[in-house]
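S.K.: Residue numbers (my numbering): 1106 to 1556. Ideal placement from N, C-alpha and C gives every residue a C-beta, glycine not left out. Quick one: the structure is below, and I'll ask about it shortly.
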Ligand SMILES: [Zn+2]
Ligand SMILES: [Zn+2]
Ligand SMILES: [Zn+2]
């Protein structure tokens, strides 16, 4: 720490860390960029890392996972907040009239695969008369009261009774189940408007943003915002017959009816894949005094889950390379059994299309954490471009008529212990400032973005 602070480049290094938000795994590059006038070839600006401490510039790792880099995942979470919020309230290229379009916040779950220990406030976990045991000799009840942080929460009462195959196969098909649900929603909307399904786009557009969240039992939950616009997207109103209430009914029955099947495999058969009975469909209200599910609440909720990953249920965030690796990972017995099941079923030729071995680290789930339809709102790329422009100091002026030439070389990555300490302090300061800004912004400017 003393050596670091006494380094002549320390102040400039601190500036670099500030600029990248205290990233936990920065990447150090050396090189230069030259900006020229495209017409005349005159050099307008030159930036070179030769003038930086040790001749290198730190850039963000940009990882969206909290378990890898908290500051970068927060930045990504912030982008997600704006992206989801813009789709709900307008802003960032989305017209403000979308607040009057029917919008739902939907939570879908996986079905049960066997009883697991539950976290409850003051109720017993699984009350049952004593002495009831399964064929493996495990108790079928649990009289304990588990807190949220209790490590037994989410673990099966009897691992031998738990249907691990059904769990990972459900994960492998969850993305398809969602797609089929969307198709069914469109089909019922077409039917209720008495139009042909292929003509539905001439009347309305259905757009969505969804995130997946791992529950304690290692199964994903899906949270989605569904919005109905007119034929040309957010700028046009939907048909007056399509209300939030009507959309809720359509979505609820699609969730109940939809199903898909796994490919038939000898000794396993065929699994029917459906949503769990516990689902929730809520119309979203514009910001108002008493509404419980409001625009900002939904956006914040969705953003929070994007930075979560399978790491938060004790999994790992990179692909697994061999069966023996699963045995060596420090994970709960439940997660190890789920990964082991992915590996075992992944070796069955009939199930090859599910690519279970490649996705063993995510317990078979192949979906992106956040997916959204094109018309929903702005994109990460657009938000990042705004930030890059701001950072480079050109403050949004369109840099037309210039050519930029860059040569960059990777030098190293990561922090020393002392550097990590300082970077995490910077990240903590930034996050505190942001929380205060968000709170104040939320109070003062209802409906105005918080940047
Ligand atoms: Zn980072
Ligand atoms: Zn229990
Ligand atoms: Zn059992």
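Going by CA-CA distance only, name the one from 1305, 1282, 1283 and 1299 that's closest to residue 1291.
M.R.: Numbered from its first residue, the chain shown carries residue 1291 at position 186. Considering only alpha carbons, the answer is 1305.
S.K.: Output the distance between the C-alpha atoms of residue 1284 and residue 1441, rounded to the nearest integer angstrom.
M.R.: As a first step, residue 1284 must be located in the chain shown, where it is residue number 179. As a first step, residue 1441 must be located in the chain shown, where it is residue number 336. Approximately 29 Å, taken between the alpha carbons.
S.K.: Only counting the same chain, and skipping five residues up and downstream in sequence, which positions put a Cβ closer than 6 Å to that of residue 1385?
M.R.: By 1-based counting over the chain shown, the position of residue 1385 is 280. Correct list, in chain order: 1212.
S.K.: Are the CB atoms of residue 1446 and residue 1260 nearer to each other than 9 Å?
M.R.: Indexing the chain shown from 1 puts residue 1446 at position 341. Indexing the chain shown from 1 puts residue 1260 at position 155. No. Outside cutoff.
S.K.: Quick one: measure Cβ to Cβ for residue 1516 and residue 1134, integer angstroms, because I've assumed they're closer than 8 Å.
M.R.: As a first step, residue 1516 must be located in the chain shown, where it is residue number 411. As a first step, residue 1134 must be located in the chain shown, where it is residue number 29. Indeed they touch by this definition, with Cβ atoms about 6 Å apart.
S.K.: Relative to the C-alpha of residue 1329, which residue among 1379, 1275 and 1388 is closest?
M.R.: In the chain shown, counting from the first residue as 1, residue 1329 sits at position 224. Closest option to residue 1329, Cα to Cα, is 1388.
S.K.: Name the DSSP beta bridge partners of residue 1318, please?
M.R.: The sequence position of residue 1318 within the chain shown is 213, counting from 1. Residue 1318 pairs with 1326.
S.K.: If residue 1222 and residue 1247 are in contact, beta carbons under 8 Å, what's the gap, nearest whole angstrom?
M.R.: The residue you call residue 1222 lines up with position 117 of the chain shown. The residue you call residue 1247 lines up with position 142 of the chain shown. Correct: roughly 6 Å between the Cβ atoms.
S.K.: Give every residue of the same chain whose Cβ lies closer than 7 Å to the Cβ of residue 1428, excluding the five residues on either side of it in the sequence, and list them in chain order.
M.R.: Position 323 of the chain shown, counted from the first residue, corresponds to residue 1428. The residues are 1448.
S.K.: Give the secondary structure of residue 1494 by DSSP, where H, G and I count as helix, E and B as strand, and everything else as coil.
M.R.: Stepping through the chain shown from its first residue, residue 1494 is reached at position 389. Residue placement at residue 1494 is poorly supported in this model, since its pLDDT is 46, which falls under 50; the coordinates still yield a value, given next. If DSSP states are grouped into helix, strand and coil, residue 1494 belongs with the helices.
S.K.: Put residue 1296 into one of helix, strand or coil per three-state DSSP.
M.R.: Position 191 of the chain shown holds residue 1296. Looking at residue 1296 - three-state DSSP - the assignment turns out to be helix.
S.K.: For the beta strand (DSSP E) that contains residue 1210, what are its first and last residues?
M.R.: In the chain shown, the residue the question calls residue 1210 occupies position 105. That run of the beta strand (DSSP E) goes 1208–1213.
S.K.: Assuming residue 1262 and residue 1293 make a contact with CB atoms under 8 Å, what is their CB distance in whole Å?
M.R.: On the chain shown, position 157 is the one that residue 1262 refers to. On the chain shown, position 188 is the one that residue 1293 refers to. About 39 Å separates the two Cβ atoms, so there is no contact after all.
S.K.: Once DSSP output is grouped into helix, strand and coil, what is the label at residue 1251?
M.R.: By one-based count along the chain shown, residue 1251 stands at place 146. If DSSP states are grouped into helix, strand and coil, residue 1251 belongs with the strands.
S.K.: Thinking just about the alpha-carbon of each residue, which of 1155, 1158 and 1178 is nearest to the one in residue 1166?
M.R.: For the purposes of this step, residue 1166 is identified with residue 61 of the chain shown, where counting begins at 1. Ranking 1155, 1158 and 1178 by Cα distance to residue 1166 puts 1178 first.
S.K.: Under a criterion of Cβ closer than 7 Å to any non-hydrogen atom of ligand 1, which residues qualify, in chain order?
M.R.: Output, sorted by chain position: 1128, 1129, 1130, 1131, 1165, 1166, 1167, 1168, 1174, 1176 and 1177.
S.K.: Comparing alpha-carbon positions, which option in 1160, 1524 and 1538 lies nearest residue 1108?
M.R.: Start at 1 with the first residue of the chain shown, and residue 1108 comes out as number 3. Taking only the C-alpha atoms, the option nearest residue 1108 is 1524.
S.K.: How about residue 1258 and residue 1297: do their beta carbons lie closer than 9 Å?
M.R.: Here residue 1258 is taken as the residue at index 153 of the chain shown, counted from 1. Here residue 1297 is taken as the residue at index 192 of the chain shown, counted from 1. Contact flag unset, no.
S.K.: Using C-beta distances below 6 Å, list every residue in its chain close to residue 1124, excluding the 5 sequence neighbours before and after it, in chain order.
M.R.: If you number the chain shown from 1, residue 1124 lands on position 19. Excluding residues within five positions, none has a Cβ falling inside 6 Å.
S.K.: List in chain order the residues whose CB is within less than 7 Å of at least one heavy atom of ligand 3.
M.R.: Those satisfying the condition are, in chain order, 1239, 1240, 1241, 1243, 1263, 1265 and 1266.
S.K.: Less than 9 Å between the C-beta atoms of residue 1469 and residue 1276, yes or no?
M.R.: Within the chain shown, numbered from 1, the residue matching residue 1469 stands at position 364. Within the chain shown, numbered from 1, the residue matching residue 1276 stands at position 171. Yes, the Cβ-Cβ distance between residue 1469 and residue 1276 is below 9 Å.
S.K.: Quick one: what's residue 1313 bridged to in DSSP?
M.R.: To locate residue 1313, count along the chain shown from 1; it is residue 208. Per DSSP, 1331.
S.K.: Going by other Cβ atoms of all chains shown within 10 Å of its Cβ, with 16 needed for buried, is residue 1324 buried or exposed?
M.R.: The sequence position of residue 1324 within the chain shown is 219, counting from 1. With 16 or more other Cβ atoms within 10 Å, it is buried.
S.K.: I'd like the list of long-range same chain contacts for residue 1216, defined as Cβ closer than 6 Å, with 5 residues on each side in sequence excluded.
M.R.: For the purposes of this step, residue 1216 is taken as residue 111 along the chain shown, with counting starting at 1. The answer, listed in chain order, is 1381.
S.K.: I need the straight-line Cα distance from residue 1460 to residue 1209, nearest angstrom please.
M.R.: Reading the chain shown from its first residue, position 355 is the one you call residue 1460. Reading the chain shown from its first residue, position 104 is the one you call residue 1209. Rounded to the nearest angstrom, the two C-alpha atoms are 32 Å apart.
S.K.: Mind checking whether residue 1366 and residue 1375 have CB atoms under 9 Å apart?
M.R.: Position 261 of the chain shown, counted from the start, is the residue given in the question as residue 1366. Position 270 of the chain shown, counted from the start, is the residue given in the question as residue 1375. Yes; because the gap between Cβ atoms is below 9 Å, this pair is in contact.
S.K.: Can you grab the Cα-Cα spacing for the pair residue 1326 / residue 1137, in whole Å?
M.R.: By one-based count along the chain shown, residue 1326 stands at place 221. By one-based count along the chain shown, residue 1137 stands at place 32. Rounded to whole angstroms, residue 1326 to residue 1137 spans 45 Å at the Cα level.
S.K.: Mapping DSSP to helix, strand and coil, what is residue 1347?
M.R.: Taking the chain shown and counting its residues from 1, one reaches residue 1347 at position 242. It is coil, neither helix nor strand.
S.K.: Quick check: residue 1150 and residue 1508, are their CB atoms within less than 9 Å of each other?
M.R.: Taking the first residue of the chain shown as position 1, residue 1150 is located at position 45. Taking the first residue of the chain shown as position 1, residue 1508 is located at position 403. Cβ atoms of residue 1150 and residue 1508: not closer than 9 Å.
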